[in-house]
Structure formats: C-alpha cells, structure tokens
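Same order as they appear, the protein sequences are chains A and B. For reference, each letter of the first sequence is one residue, going 6 to 155 in the working numbering. For reference, each letter of the second sequence is one residue, going 11 to 612 in the working numbering. Ideal Cβ placement from N, Cα and C applies to all residues, glycine included.
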Amino acid sequence: MQLQNSSSKPSEDLSKNNLQDENMIVENSPAEAIQSWLVTKLSKQLSLNAKTIDVREPLTRYGLDSIDAVTLVGDLEDWLGCELPSTLLWDYPTIEKSAEYLVKEFDVSAAVSSVASSNVKDASDDKTEKVEASSKSSGWGGLWNRISGS
Amino acid sequence: MHQLKQYWVAEALEKDLGDPTQPESVMSFKSVMELDEREEFPEKDVEWLYNWNLHHYHIPVEYGGELKSYEEFVAFVRVLSRRDLTTSITFSTLFWSGLVWMAGTHEQKQKLAKFIKDKHGAMCLAYSERAHGSDLVASDVQATKVPGGYLLNGEKWPINRATISGISVVLAKTDDSGGARSLSLFVVDKSEIDPAGYSNLPKIKTLGIRGSDMSGIRFDNCFVPEEMRLGQEGAGLELGLKGFHLTRTLCAAFSLGSADTALRTVLKFSLGRKLYGKTVFDIPHPRTTLVDAFLDILVCDCVTIAGARSFHVAPEQSSVSSIFVKYFVPVTVEKLVQNLSVILGARFYLREGHDEGIFQKVVRDNAIISVFDGSTVVNLHALILQLRQMAKYRAKRNAATYEGLRSRLETRFSLEAPLPPCERAKFELFSRGCDDVLQGLEISLEHLYDLKTDSSVDAEVLQKLITLTSAVLEELDAQDEFLASSGFEFGHDQSPELFELAKKYCTLHAAAACVHMWIYNRKVLGDFFAKGEWLAICLNRLLMTFRPSSGIIPSIYIENVAQELLKLDRENKMFSIVPLQLAQAPSPEEKTHAASELQLQA
Ligand SMILES: Cc1cc2nc3c(=O)[nH]c(=O)nc-3n(C[C@H](O)[C@H](O)[C@H](O)COP(=O)(O)OP(=O)(O)OC[C@H]3O[C@@H](n4cnc5c(N)ncnc54)[C@H](O)[C@@H]3O)c2cc1C
Numbered sequence: 006m007q008l009q010n011s012s013s014k015p016s017e018d019l020s021k022n023n024l025q026d027e028n029m030i031v032e033n034s035p036a037e038a039i040q041s042w043l044v045t046k047l048s049k050q051l052s053l054n055a056k057t058i059d060v061r062e063p064l065t066r067y068g069l070d071s072i073d074a075v076t077l078v079g080d081l082e083d084w085l086g087c088e089l090p091s092t093l094l095w096d097y098p099t100i101e102k103s104a105e106y107l108v109k110e111f112d113v114s115a116a117v118s119s120v121a122s123s124n125v126k127d128a129s130d131d132k133t134e135k136v137e138a139s140s141k142s143s144g145w146g147g148l149w150n151r152i153s154g155s
Numbered sequence: 011m012h013q014l015k016q017y018w019v020a021e022a023l024e025k026d027l028g029d030p031t032q033p034e035s036v037m038s039f040k041s042v043m044e045l046d047e048r049e050e051f052p053e054k055d056v057e058w059l060y061n062w063n064l065h066h067y068h069i070p071v072e073y074g075g076e077l078k079s080y081e082e083f084v085a086f087v088r089v090l091s092r093r094d095l096t097t098s099i100t101f102s103t104l105f106w107s108g109l110v111w112m113a114g115t116h117e118q119k120q121k122l123a124k125f126i127k128d129k130h131g132a133m134c135l136a137y138s139e140r141a142h143g144s145d146l147v148a149s150d151v152q153a154t155k156v157p158g159g160y161l162l163n164g165e166k167w168p169i170n171r172a173t174i175s176g177i178s179v180v181l182a183k184t185d186d187s188g189g190a191r192s193l194s195l196f197v198v199d200k201s202e203i204d205p206a207g208y209s210n211l212p213k214i215k216t217l218g219i220r221g222s223d224m225s226g227i228r229f230d231n232c233f234v235p236e237e238m239r240l241g242q243e244g245a246g247l248e249l250g251l252k253g254f255h256l257t258r259t260l261c262a263a264f265s266l267g268s269a270d271t272a273l274r275t276v277l278k279f280s281l282g283r284k285l286y287g288k289t290v291f292d293i294p295h296p297r298t299t300l301v302d303a304f305l306d307i308l309v310c311d312c313v314t315i316a317g318a319r320s321f322h323v324a325p326e327q328s329s330v331s332s333i334f335v336k337y338f339v340p341v342t343v344e345k346l347v348q349n350l351s352v353i354l355g356a357r358f359y360l361r362e363g364h365d366e367g368i369f370q371k372v373v374r375d376n377a378i379i380s381v382f383d384g385s386t387v388v389n390l391h392a393l394i395l396q397l398r399q400m401a402k403y404r405a406k407r408n409a410a411t412y413e414g415l416r417s418r419l420e421t422r423f424s425l426e427a428p429l430p431p432c433e434r435a436k437f438e439l440f441s442r443g444c445d446d447v448l449q450g451l452e453i454s455l456e457h458l459y460d461l462k463t464d465s466s467v468d469a470e471v472l473q474k475l476i477t478l479t480s481a482v483l484e485e486l487d488a489q490d491e492f493l494a495s496s497g498f499e500f501g502h503d504q505s506p507e508l509f510e511l512a513k514k515y516c517t518l519h520a521a522a523a524c525v526h527m528w529i530y531n532r533k534v535l536g537d538f539f540a541k542g543e544w545l546a547i548c549l550n551r552l553l554m555t556f557r558p559s560s561g562i563i564p565s566i567y568i569e570n571v572a573q574e575l576l577k578l579d580r581e582n583k584m585f586s587i588v589p590l591q592l593a594q595a596p597s598p599e600e601k602t603h604a605a606s607e608l609q610l611q612a
C-alpha cells in the first residue's frame with residue numbers, strides 16, 4: 006500500500022509501514038495520518054487487505070458506493086471534530102486527494118496529533134470501533150437475538 | 011373555516027370541487043371511474059385545477075407564486091387525492107419544480123415560474139431506465155459536451171407524464187468514468203429543442219392510475235443548450251437525491267387521500283348493510299378494523315405533518331425526515347386498505363356498485379406510492395446507513411443540544427407556530443446524526459410528567475401515556491445501545507435483519523411524533539384530540555409490533571374512538587387530527603334548483 010505524501014516523499018519506501026500491524030504506524034504528517042485512517046477504515050469495513058489499497062485509486066474501485074461515501078464523511082467528521090462537506094469523497098474521490106484537501110482547508114492538527122501520538126489504532130476512541138474490529142466477520146450479525154428478545 | 015390558516019387552501023379547494031359522491035361534482039367518483047375505464051388522461055380535470063390556480067401553490071412566493079408552507083401543500087394534495095390519484099399524481103409532477111427552486115439560477119427560476127403560471131406548463135422527472143431503476147449511478151443516457159451545450163442520447167422509461175408535459179427533467183451521464191459526480195441534471199424544455207431530436211414512447215398499460223400518461227422519452231443526438239443544465243456539471247446525483255427528500259415527504263399526501271376514501275366508503279357500507287339483524291359496523295371484528303384504520307390515519311398524520319414542517323424548521327435533517335415519512339405512511343396505508351377490503355367482501359373486487367366501485371380503484375392506484383420516488387427498500391437502506399450516526403449523536407446530547415432540540419420541536423410540532431421559509435439550499439445528503447423527533451423524546455416525557463399538576467388532563471390517561479412513552483424510550487435505548495456496540499458494513503448487502511431494525515426505528519419514530527404532536531397541540535385540535543385516549547391506543551398499537559400486548563387500554567377508549575369516527579363521518583369532516591370540513595352534498599332543494607337552472611340554460 007502507498008502511504009506517502011505525494012508532494013514531499015515520492016520515493017521513500019513506506020510500504021513497510023503498512024497497516025498489517027496498526028501499532029507500528031509512525032505518523033509523519035497530518036495528511037499521512039488521514040490517509041492511514043481512511044485506509045484502515047476501508048480495509049475493515051469492506052473486508053479488504055489494507056495492503057491492496059492504493060491511495061491514488063478512486064474509492065469506488067474498492068466497492069465504496071456513492072451513498073456509503075457520504076456516510077463515511079460522517080465518521081471522518083466525528084474523528085476530526087469538524088463539519089465537512091457531505092460530498093467530500095465525491096469531489097476528492099481518492100484517499101490521497103481527500104487527505105490533501107482536508108489538510109489544506111481544515112484545521113485537523115488537533116485531532117490528528119492526538120491520534121497520532123497514541124498511534125492510529127482505529128481513528129476513533131469509542132468502543133464501537135473495537136467491537137467492529139473483532140466482530141467483522143459477523144458484521145451486524147446476531148443482532149436479531151439481541152434486540153427482539155422481547 | 012378551520013382556525014389553522016394553513017388548512018384554508020385545502021378547505022377552499024375541497025369546497026369548490028364538491029362532494030365526490032355527487033355525479034355533478036368536479037372529479038366525482040362517477041366521472042373518475044369512467045375516465046379510468048377508458049384509460050383516458052384527465053385533461054379537463056387538470057385544466058380545471060389550473061383555472062383554480064392550484065399551480066400557483068407549486069411556485070415559491072419569491073417567484074410570484076403562493077408556495078409558503080409544505081404543511082399547507084400536503085393538505086391540499088390530500089384533498090385532491092381522496093377523489094382521484096390519477097389526476098393528483100398527474101398534477102403533482104409539478105413537485106419536480108422543487109429541483110429548480112433548490113438549485114436553479116435566478117433566470118432558470120423566473121423562466122420556470124412563467125412556464126408554470128402563464129403557459130399552464132408541467133414537467134416530468136426522467137430518472138429511471140429500463141435497465142436501471144433504483145441504481146441511478148448506472149444511468150445509460152449520455153449527455154456529451156459540445157460547444158454551447160450537450161448532445162443527449164438514450165431512453166428514459168417508465169416515466170409519468172413523459173409525453174404530456176412541456177419539460178423533462180433528465181438525469182444523464184456527463185462523465186464516462188462513472189461515480190457520484192458522473193451525472194448531471196437537465197431541465198429540457200421541449201419547445202426549445204429540435205423535435206427531430208426526441209420522441210415520446212407509447213403509453214404503458216398499468217394496474218392503477220390507468221388514465222395517466224405513463225410513457226417514456228427517447229433522445230437521439232438531441233442538442234440541449236448549456237442553460238438547460240441544472241447546477242454544476244456533475245451535480246446530478248446530489249440534486250437528484252435532495253429532490254427526493256421533498257417529494258418523498260409529499261408522497262404521503264397521496265396515501266392519506268387514498269386512506270380517507272377507503273375508510274369513508276367502507277364505513278358507509280358497514281353502516282348501511284344489515285346481517286344477522288344488525289349492521290356490519292355493529293359486528294366487533296369489522297368495527298375494530300374500521301377503528302384501527304382511523305387510528306392508523308391519525309398516526310400517519312402526525313408523521314406527515316411533522317415531516318412537512320421539518321423542511322422549514324430543520325432542513326438539514328431532510329435526508330432522514332423524508333425517509334421516516336416515505337417508509338411509514340405508504341406502507342401503513344397499504345395495509346389499512348387491505349384490511350378494509352375484507353369488510354367490503356366481494357364488493358372490494360367489483361369494478362362497479364358501491365360508490366361507483368371507487369374502492370377497487372383505490373386499491374390499484376394506491377399500490378404504486380410505495381414504489382416510486384424511492385421504494386420502501388431503498389428508503390430503509392438509506393436509513394440503515396445513517397442509523398449508527400444517529401445512535402452516536404443521541405448518546406452525545408448535552409445541555410446545549412437539548413436547548414436547540416426544545417426550540418425546534420416546539421416550532422416543528424406546534425401547529426400554531428408560524429413556519430420560517432423553507433431554505434432548500436440547506437438540504438443535506440446525511441443528517442450528521444440528527445433526528446429531532448426521537449432525540450427529543452425525553453423532552454416530551456418531561457412535559458408529560460409536568461402535566462400531572464394540570465387539572466385539565468385526565469390522570470388515568472396521563473399515567474398510561476407516561477407508561478407507554480417510557481416504553482418507547484426503553485426500546486429506543488436498547489436499540490441504540492446495540493447500534494453503538496455493533497460492527498457496521500457499507501454497501502448493498504445489508505442483512506434482512508437490518509431492514510427489520512430500520513423498520514422498528516421508523517415505528518418508534520412514529521410513536522414519538524404522536525407524543526410530540528399531542529404535547530404541543532392539546533389546546534388547538536379539539537376535545538377528542540385533547541383527551542389523549544387516541545394517543546394511548548396508538549402508542550400501544552405501535553409498541554405491539556415488537557412487544558406483546560400489555561392490556562393497558564380500557565375498552566371504553568376504543569369505543570370513544572369509534573364514536574368520534576362516526577361523528578366525523580356524520581359531520582362530513584376529514585378523518586384526521588385536523589378534521590377539516592369536507593364539501594357538502596347539495597341539499598335536495600339546491601339540487602332541484604340547479605336542475606331547473608340547467609333546463610333554463612338549455
Ligand atoms: C406507475 C409508475 C410511475 C413511475 N414514474 C416514474 C417517473 O415519473 N420518473 C421516473 O424516473 N421513474 C418512474 N417510475 C419508475 C420507478 O421509479 C422505478 O420502477 C423504481 O425506481 C424501481 O426501479 P425498478 O422497478 O427498476 O427496480 P430495481 O431498481 O431494478 O430494483 C429491483 C428490486 O431490487 C431490490 N433492491 C433495489 N435496491 C435495493 C436496495 N438499496 N436495498 C435492498 N434491495 C434493493 C428491491 O427488491 C427492488 O424492488 C415509475 C414507475 C411506475 C410503475
């Protein structure tokens with residue numbers, strides 16, 4: 006997978022920083038932090054190997070449909086703590102472009118640095134994401150027993 | 011006149027159309043059945059509506075029209091729809107002007123207002139294609155950029171009013187690479203393009219709304235000038251989806267009109283027909299079915315009116331408020347009509363007889379509402395994708411959020427509160443987790459507790475309302491807790507269980523809407539409404555879909571609802587939380603007078 010910031014380090018081999026082991030990620034810039042957040046998110050939610058995600062490919066290539074892309078902006082907002090255009094990922098349809106845009110147009114430093122210092126882990130602090138990671142294979146499965154118990 | 015001004019237009023229209031059971035009325039059951047039998051476009055009725063200036067209520071006041079409030083709008087569409095869905099759905103393709111009011115340039119808006127007002131113009135919405143219905147991004151119709159405009163190629167089908175309308179709003183591909191920005195919208199004025207560039211497809215035979223102009227349109231290298239593009243190139247999907255927020259909510263008015271006629275005609279039958287020495291209405295099962303239908307309408311009213319008012323109060327929540335209405339109301343009314351058909355027995359299947367056979371037409375016509383403008387599954391799917399955000403947001407509410415919620419709830423639900431103009435530019439593709447109705451449920455529960463000291467409220471009813479509202483809240487809390495701790499998947503492969511979860515969410519939403527409606531209008535909507543027994547029964551019925559019956563409702567409450575149903579029927583008032591006066595049949599003397607006048611004219 007590609008994690009480089011396109012403008013500054015085009016050739017450096019960051020592929021060893023792939024998200025196979027999230028705890029290993031060392032963040033170099035806000036744009037990279039956002040990129041890896043998106044890569045992690047996509048790899049988990051679309052059941053993809055993070056290594057296969059190229060930040061310069063359109064998100065739709067990974068099966069992210071237009072409406073999903075809108076919902077993903079909601080999660081990004083939660084993480085970054087600012088309101089973003091709902092069509093962000095329509096207008097900047099690759100991970101690289103959207104990260105670049107976010108860094109340029111929004112003050113993302115606070116969110117990014119706090120996450121970066123505690124490693125990217127999973128973009129979010131609540132238990133939601135942890136359960137998500139562990140229960141990926143079953144998705145929302147098992148739900149019926151739990152809510153319609155009455 | 012009703013004390014709520016926003017219902018005056020509906021009442022005036024109703025009065026001028028006349029009682030539909032009288033053959034001489036405009037759009038009488040007799041005449042709409044005859045048109046339907048001949049599958050004939052209701053040209054005269056449509057022209058009558060233009061002459062009545064109903065089209066002015068589709069144009070915002072800023073552009074010289076009368077469109078001020080969507081609550082008012084829903085009320086008059088309901089009055090039309092109780093007579094005939096063919097005409098109502100045909101006339102209401104004017105809804106699609108909403109896209110231009112939302113995203114058009116000043117010139118485009120002025121031009122459209124003139125087209126509608128001066129030329130009695132109408133438009134159609136051309137999104138669907140034979141190969142793609144719900145999947146808009148897959149559209150095949152191409153708009154290829156050429157100097158000064160675009161060349162359109164391809165076919166849209168099945169499209170209501172494609173042939174008999176001057177403007178087609180066409181969704182077309184402007185970028186071959188695909189994706190969310192690959193589509194653009196064009197407001198194609200047929201009078202300004204080369205007739206050789208397009209052709210209308212033949213009329214399609216349908217189960218219901220048989221007289222409507224169901225057809226399609228085909229473009230062959232058709233040049234459309236740049237000025238016909240709506241918004242930026244690539245904005246087609248975004249605008250298309252936002253346009254649905256408006257129309258999905260307005261579709262509920264079609265359903266509510268159908269429900270009124272279905273209930274009225276079956277009630278009339280059940281009061282007139284004698285079996286075993288009593289009327290059908292006196293047999294417990296039919297009586298309960300009729301009462302349940304009335305209660306369903308009251309719930310749908312609360313959901314619809316709140317949805318229509320939300321465009322003015324919380325336009326940024328349009329993506330969810332419209333889903334709640336478009337899912338809940340058509341589906342509830344379909345079931346209600348089906349249940350009522352049991353009472354009509356064999357007659358439900360006859361194309362003549364009782365009230366000219368209008369009931370079977372309602373069954374046929376009404377069945378399309380849950381399909382078009384985004385089907386039931388499409389709406390539920392869109393809700394599924396936003397559920398987790400809503401649960402998260404709800405968990406994070408704080409003092410400041412509550413303050414905003416409190417004030418928005420009051421304006422949204424208090425029918426006496428004036429509505430601010432609708433800011434369509436604030437529509438959003440997702441609501442950022444906000445849903446005032448369910449997120450403000452605790453506020454109304456608080457109000458209920460406060461009412462304990464109010465002597466005008468029956469203590470027993472109040473206690474039941476508190477118990478039932480608390481149960482709604484418990485269900486919501488349990489659901490939110492589950493959502494917060496579950497994984498989430500994108501895409502179209504959501505499990506069937508999730509669709510059930512989304513339905514439950516809509517049901518809880520409906521319950522909350524009813525509670526708010528009662529809290530904010532106890533003193534406005536009459537004694538029956540104020541007493542709140544209907545609310546207790548409705549909450550109990552809604553909860554029953556996922557909780558076993560609690561036996562909380564005394565039978566006298568149900569009897570009181572039955573009496574109210576009979577009273578509204580006797581007084582010829584709408585079955586509604588806002589029971590406006592329906593057109594009266596002329597008295598026998600008036601009739602003879604009219605007849606002799608006619609003879610004199612002849
Ligand atoms: C009387 C009538 C009037 C109409 N008027 C118009 C008009 O004016 N303008 C216009 O553009 N179109 C119009 N249509 C077309 C109508 O909007 C489409 O039929 C509708 O969008 C559904 O598309 P489809 O029938 O091709 O079903 P498809 O999109 O092919 O869907 C087939 C089935 O797949 C499943 N499905 C689809 N999406 C999902 C999802 N997200 N989640 C789960 N399941 C899913 C559902 O079971 C669905 O029924 C009209 C149709 C009729 C019958």
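With respect to the 8 Å criterion, Leu393 of chain B and Ile315 of chain B are not classified as neighbours on the basis of their beta carbons. Bridge partners of Asn210 of chain B according to DSSP: B:Ile227. For Lys200 of chain B, same chain residues with a beta-carbon under 6 Å away, outside a window of 5 residues either side, are Gly176 in chain order. Nearest to Asp487 of chain B by alpha-carbon distance, out of B:Ser38, B:Leu448, B:His457 and B:Phe509, is B:Leu448. Arg551 of chain B places its beta carbon less than 8 Å from that of Leu305 of chain B.
DSSP places Ile394 of chain B in the uninterrupted alpha helix (DSSP H) bounded by Thr386 to Ala405.
Excluding its 5 nearest sequence neighbours in each direction, Trp167 of chain B has C-beta neighbours in its own chain below 7 Å: Ser138, Glu139, Arg140, Leu211 and Gly226, listed in chain order. Between Cys261 of chain B and Asp94 of chain B the beta-carbon gap is near 16 Å, outside 8 Å, which marks them as no contact. Using a Cβ-Cβ cut-off of 7 Å, Gln396 of chain B is close to Thr76 of chain A, given in chain order. Per the coordinates, the alpha-carbon of Cys524 of chain B lies some 32 Å from the alpha-carbon of Thr31 of chain B. In the three-state reduction of the DSSP assignment, Phe304 of chain B falls in the helix class. Straight-line spacing of the CA atoms in His526 of chain B and Asn570 of chain B works out to 22 Å. In the same chain as Gly542 of chain B, and ignoring 5 residues on each side of it, the C-beta atoms closer than 8 Å to its own belong to Val467, Asp468, Val471, Leu472, Leu475, Trp528 and Arg532, in chain order. The segment 147 to 156 of chain B and the segment 187 to 194 of chain B touch, with three or more beta-carbon pairs separated by less than 8 Å. In this structure Asn408 of chain B is exposed. Its beta-carbon is surrounded by fewer than 16 other beta-carbon atoms within 10 angstroms. With respect to chain B, the C-beta atom of Asp59 of chain A has no partner C-beta closer than 8 Å. Taking 7 Å as the upper bound on Cβ-Cβ separation, chain A lies near residues Val147 of the segment 138 to 152 of chain B.
The DSSP-derived three-state label of Ala153 of chain B is strand. With a threshold of 8 Å between beta carbons, Ser103 of chain A makes no contact with chain B.
Interface annotation, Leu249 of chain B: not in contact with chain A, CB-CB separation never under 8 Å. For Trp106 of chain B, the three-state secondary structure derived from DSSP is helix. Of the candidates B:Gly241, B:Cys516 and B:Tyr412, the residue whose Cα lies closest to the Cα of Phe338 of chain B is B:Cys516. In chain order, Asp70 make up the part of chain A whose C-beta sits under 8 Å from the C-beta of His502 of chain B. Minimum Cα-Cα distance from Asp302 of chain B among the listed residues B:Glu243, B:Ile353 and B:His322 corresponds to B:Ile353. According to the DSSP secondary-structure assignment, Asn61 of chain B is paired through a beta bridge with no residue. For Asp223 of chain B, the closest of B:Met554, B:Ser102, B:Asp445 and B:Glu507 by C-alpha to C-alpha distance is B:Ser102. Under the 8 Å criterion on CB atoms, Glu82 of chain A is classed as interfacial with respect to chain B.
Shown here for Ser441 of chain B: same chain residues with a beta carbon closer than 6 Å to its own, the five before and five after excluded, namely Gln327, Ser329 and Val330 in chain order. In this structure, Arg171 of chain B sits near Thr100 of chain B, with a CB-CB distance shorter than 8 Å.
In this structure, DSSP gives Arg434 of chain B a helical state, which the three-state scheme calls helix.
Closer than 8 Å to the CB of Pro35 of chain A there is not a single CB belonging to chain B. Assigned with DSSP and collapsed to three states, Ala469 of chain B falls in helix. The closest CA to that of Leu281 of chain B, considering only B:Leu256, B:Ala572, B:Leu590 and B:Gln591, is found on B:Ala572.
Under a criterion of Cβ atoms nearer than 9 Å, no residue of chain B is adjacent to Ser48 of chain A; the nearest Cβ is some 12 Å distant.
The C-alpha of Thr421 of chain B lies about 36 Å from the C-alpha of Pro506 of chain B. Check the Cα spacing between Gln152 of chain B and each of B:Ile174, B:Gly159 and B:Ala182: the tightest is with B:Ala182.
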